[in-house]
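Counting from 1 along the sequence shown, just add 1029 to a position and that's the residue number in my numbering. Accompanying notes for the structure given below.
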Amino acid sequence: MACRAIGWENMGFIFLNHLLDLCDATDEGNLDALDHSDFVDTDIPFEIPVSSKLTVTDTQREQIRDWVLTVSMDRRLEQVLPHDERNSYEASLLAANTGIRSLPCIVTGYPVLRNKAEFASAGKAANKDDWNKFLMATKTSYSPECQDVLVFISQWCGGLPTSGFSFH
């Protein structure tokens, strides 16, 4: 739903359509017929434990189904996930062609490919643009929740990056 809300209609369509497939398979009690072709060459797992109980309400499910059907009638939508310079799905940590695994951005979860903010703890990094946007949002919003997240990140990552914005 978040993809749909911010205008990422291709991704929203793929994920919500797959959600509907998962709901239908859960109702039928059989996941064997699920189509994972939209997720080939991504690091989205196919073999996952699926709950026997849906967390999507019937009303939400019908709203999703209506949106997916409406969008599928609109020929301008491509049923492909966006790719990056690695020619891989932009959120995959594992490059499909090379098998190289990138560090996840601690802000977005997307792969850190370049322009990174590094933290003291090994294996912790952020895409510099995303890190700076988060810091600016924290600074300008005066949000206690964002401040809490910043404190958590500092503890989890062994401190904050030395370069970039500072609030101290």
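In this text, a Cβ means the ideal position worked out from N, Cα and C, and glycines have one as well.
| query | result |
| --- | --- |
| Coil, strand or helix - L1123 by DSSP | strand |
| Helix, strand or coil at P1173 according to DSSP, with G and I counted as helix | helix |
| Residue environment, N1144, which counts as buried when at least 16 other CB atoms sit within 10 Å | exposed |
| DSSP bridge partner residues for N1161 (one or two, in chain order) | None; N1161 has no bridge partner. |
| For A1154, the first and last residue of its enclosing beta strand (DSSP E) | A1154 to N1156 |
| Of the listed residues Q1092, D1070, I1073 and T1055, nearest to K1082 (C-alpha basis) | T1055 |
| Opposing strand residues paired with H1112 [DSSP bridges] | Y1118 |
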